[in-house]
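Quick notes on the structure that follows.
Numbering (this note's numbering), first residue to last: 391 to 519.
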């Protein structure tokens, strides 16, 4: 998959630099997990809750409650970034790409295919006349 980020808006330089990025994404992350929190929770428990908590600077009990998503304690973006950096676990990022970027691309592709099919059907109908 290639992603080409483009800078737009008032702060954009005159000639925006583009960069293609290739990602190898574990297929089915968005089908196996119900949310980003679920992806992170799975990774945290695979690495060991106490170990992860120590590395990201959050007490284990608090991290456990954050991963549950209940009550007032929520998983912070800072904790997520620390987890990804410390454990080099890119699955949370891949989940977001698969769920939002690829899903959007698939919807656009499906819409294009439907439009082409409609055109082909219209041409076939005109040939039958």
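The C-beta atom is built at its ideal place from N, Cα and C for all residues, glycine as well.
For the alpha helix (DSSP H) that residue 466 lies in, which residues bound it at each end? In the chain shown, counting from the first residue as 1, residue 466 sits at position 76. No alpha helix (DSSP H) contains residue 466, which DSSP labels as neither H nor E.
So, for residue 449: in the same chain, excluding its five sequence neighbours on each side, which residues have a beta-carbon less than 8 Å away from its beta-carbon? Numbered from 1 along the chain shown, position 59 holds the residue referred to as residue 449. 443.
Flag this pair as touching only if the segment 480-491 and the segment 447-464 have three or more C-beta atom pairs under 8 Å; answer yes or no. no
Alpha carbons only, please: which of 413, 464 and 411 is nearest the one belonging to residue 431? The count along the chain shown starts at 1 and reaches residue 431 at position 41. Per the Cα distances, 464.
Identify, in the order they occur along the chain, each residue of the same chain with its Cβ nearer than 6 Å to the Cβ of residue 395, setting aside the five sequence neighbours on each side. As a position in the chain shown, residue 395 is number 5, starting the count at 1. Caution is warranted here: a pLDDT of 46 is assigned to residue 395, below 50, making its placement in the model unreliable, and the coordinate value is therefore given only provisionally. Closer than 6 Å at the Cβ level, and outside the excluded window around residue 395, lies no residue.
At which residues does the alpha helix (DSSP H) containing residue 486 begin and terminate? Your numbering for residue 486 matches position 96 in the chain shown. 481-486 is the extent of the alpha helix (DSSP H) around residue 486.
Close beta carbons around residue 426, own chain, < 7 Å, minus the five adjacent residues each side: Locating residue 426 in the chain shown gives position 36, where the first residue counts as 1. Answer for residue 426: 482, 485 and 486, listed in chain order.
Sort 446, 475, 488 and 518 by Cα distance to residue 418 and report the nearest one. For this step, residue 418 is matched to residue 28 along the chain shown. The candidate whose alpha carbon is nearest that of residue 418 is 488.
Neighbour-count burial assignment, residue 518, 16 or more Cβ in a 10 Å radius: Within the chain shown, residue 518 is the residue found at index 128, counting from 1. The residue in question, residue 518, is exposed, as its Cβ has fewer than 16 Cβ neighbours within 10 Å.
Length of the line joining the Cα atoms of residue 421 and residue 415: Position 31 of the chain shown holds residue 421. Position 25 of the chain shown holds residue 415. Going from the Cα of residue 421 to the Cα of residue 415 covers about 13 Å.
Euclidean distance between Cα positions of residue 408 and residue 491: One-based indexing of the chain shown puts residue 408 at position 18. One-based indexing of the chain shown puts residue 491 at position 101. Approximately 17 Å between the Cα atoms of the pair.
Within this structure, are the beta carbons of residue 447 and residue 472 separated by less than 8 Å? Translated into the one-based positions of the chain shown, residue 447 becomes position 57. Translated into the one-based positions of the chain shown, residue 472 becomes position 82. Contact: yes.
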